[in-house]
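For reference, the structure discussed in these notes is given below.
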Amino acid sequence: MTRPPQVHWERPMLWVIVAGLVIGILTFILLWAAIGLSGLTIFTALLMGLIALIIVYRFAYVHLNEMEVGVIFRRDGNFSRFLQPGHHFINPFLEYQDNTIPKGPQTTIGIAKQIRTKEGIPVTIHWNVSFFIDVTKIRPGIENKMARALPKYAVNMIGGRVLHSLRHTVENMGIEDLHTNGAIQKLEDVIGAEVHKRAVNLGVLPIMGNDMKLGPIEMPPQVEKALEANYERQLTVEALKKLQEVIDKFTDAHMEKLGELERLRILDNGDRETLFYVMDSTGGGRPPRGSGAMGPRNGRPLTPGSDPMNPDL
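In the working numbering, the protein residues as written are 72 to 384.
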């Protein structure tokens, strides 16, 4: 069956002009004839004119603010077109505004429960997604479907795609991939790109930056503790490796300086036994008697109170 042709009147609407002329002529005739009629006739004519203007304003005039797009249907129920923000006149006998689609951000929030990693470990991921719709990006041929679905179900449609993307992505990841540094940021980038790929035909613009938020990622407590312990071991190994690299760069001169510094520190603390141990371990040996800081001075044996470093000697 052939559809009736779509009629898009140019602004100003021709039928509005014709209706205004007809109403004006009738009102003029009634007023002119009212010279011999009662004042009720004049009042009735004015009232009819006012009602006609109200009807025109109510059904023919469409105002859309800068953050919404109008959805226009024909009177036979078929989709007609989208109206961009601004002031418009439509033919109320052929068309009507059914709903609007926001141009600003829309937000959907949810929880992906019991998603299993490739090891079979269940995880739960909280998500929050903001998205924008541009009706000019809708794939040609599905505008009529989107005109009915997007005003009411856009949030649910995008939320479903987020869940599918999370399940598809996480099931191919290991549990350690979800517990490393920067794991959430990387997953956000991947899911944002995947959701846009699945929803680009709906007119959804690319999901960038903070528009995609994931986390926290919940996992069984015993798994999380094991991952934390493994992470701490990795940090310890890395620290020891770096320390070994630094020590390997030391020369004999560096070691001698370190030994001398350690002897001075021990002298300050008055710990003689530790000093002898350090001197032996660094190759310095025990100082000969009668020489050095700890031996007899000038060949005389130490007597109690004669050593300023230790009054007991």
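Backbone N, C-alpha and C fix where the C-beta goes; we use that ideal spot for every residue, glycine too.
> Based on the DSSP output, what are the partners of K296 in its beta bridges?
Replying inline: As a position in the sequence shown, residue 296 is number 225, starting the count at 1. The partner list for K296 (beta bridge, DSSP) is empty, contrary to what the question assumes.
>> Helix, strand or coil for P287? Go by DSSP, reduced to three states.
In response: As a first step, residue 287 must be located in the sequence shown, where it is residue number 216. Reduced to three states, the DSSP call for P287 is strand.
> To which residues does DSSP link Y224 through a beta bridge?
Replying inline: For this step, residue 224 is matched to residue 153 along the sequence shown. The partner list for Y224 (beta bridge, DSSP) is empty, contrary to what the question assumes.
> Excluding sequence positions up to five away, which residues of its chain have a Cβ less than 6 Å from the Cβ of V200?
Replying inline: Working through the sequence shown from its first residue, we reach residue 200 at position 129. Excluding sequence neighbours, V200 sits near T179, V233 and M283.
>> Going by DSSP in three states, E166 sits in which element: helix, strand or coil?
In response: In the sequence shown, counting from the first residue as 1, residue 166 sits at position 95. Of the three classes helix, strand and coil, the one that applies to E166 here is strand, per DSSP.
>> If the criterion is Cβ atoms closer than 9 Å, does the pair G329 and F321 meet it?
In response: Your numbering for residue 329 matches position 258 in the sequence shown. Your numbering for residue 321 matches position 250 in the sequence shown. It should be noted that the sequence gives Leu, not Gly, for residue 329. Yes. Within cutoff.
> Is it right to say A310 is buried, meaning 16 or more other beta carbons lie within 10 angstroms of its own, or is it exposed?
Replying inline: Indexing the sequence shown from 1 puts residue 310 at position 239. With fewer than 16 other Cβ atoms within 10 Å, it is exposed.
> What distance in whole Å lies between the Cβ atoms of P173 and F202, which are believed to be in contact at a cut-off of 8 Å?
Replying inline: Counting from one through the sequence shown, the residue named residue 202 turns up at place 131. Counting from one through the sequence shown, the residue named residue 173 turns up at place 102. Incorrect: roughly 10 Å between the Cβ atoms, too far for contact.
> Can you give the Cα-Cα distance for A90 and A123, rounded to whole angstroms?
Replying inline: Here residue 90 corresponds to residue number 19 of the sequence shown, with the count starting at 1. Here residue 123 corresponds to residue number 52 of the sequence shown, with the count starting at 1. In a straight line, the C-alpha of A90 is about 9 Å away from that of A123.
>> Tell me the rounded alpha-carbon separation between L285 and K312.
In response: Looking up residue 285 in the sequence shown gives position 214. Looking up residue 312 in the sequence shown gives position 241. For L285 and K312, the distance between alpha carbons rounds to 34 Å.
>> Just verifying my parser: in three-state terms, what is the DSSP assignment at F203?
In response: Stepping through the sequence shown from its first residue, residue 203 is reached at position 132. The answer is coil: DSSP assigns F203 none of H, G, I, E or B.
> By the 10 Å Cβ neighbour count, where 16 or more other Cβ atoms means buried, how is P193 classified, buried or exposed?
Replying inline: Locating residue 193 in the sequence shown gives position 122, counting from the first residue. Per the 10 Å Cβ criterion, exposed.
>> Here's the rule: buried if 16 or more other CB atoms are within 10 angstroms of the residue's CB, otherwise exposed. What is Q315?
In response: Counting from 1 along the sequence shown, the entry for residue 315 is found at position 244. The residue is exposed, with fewer than 16 neighbouring Cβ atoms inside 10 Å.
> With 16 other CB atoms within 10 Å as the buried threshold, where does P163 fall?
Replying inline: Position 92 of the sequence shown, counted from the first residue, corresponds to residue 163. It is buried - the Cβ of P163 has at least 16 other Cβ atoms within 10 Å.
> If you count every other CB in all the chains shown that lies within 10 Å of the CB of P359, and 16 or more means buried, which is it?
Replying inline: Working through the sequence shown from its first residue, we reach residue 359 at position 288. With a pLDDT of only 45 at P359, under 50, the local geometry of the prediction cannot be trusted, and no value is derived from it.
> A297: which of I246, F130, I100 and T171 sits nearest, CA to CA?
Replying inline: Residue numbering aside, residue 297 sits at position 226 when the sequence shown is read from its first letter. With distances taken between Cα atoms, A297 lies closest to I246.
> How big is the Cα-Cα spacing for Q49 and V206?
Replying inline: The shown model of the chain, from 72 to 384, leaves out residue 49, and the question about it has no answer.
> Quick one: Cα of E326 to Cα of V317, how far?
Replying inline: Stepping through the sequence shown from its first residue, residue 326 is reached at position 255. Stepping through the sequence shown from its first residue, residue 317 is reached at position 246. Contrary to the premise, residue 326 reads as Met rather than Glu in this sequence. About 13 Å.
>> Quick check on this structure: which residue in Y128, V133, I94 and G141 has the alpha carbon closest to the alpha carbon of L118?
In response: Counting from one through the sequence shown, the residue named residue 118 turns up at place 47. When only C-alpha atoms are compared, the closest one is I94.
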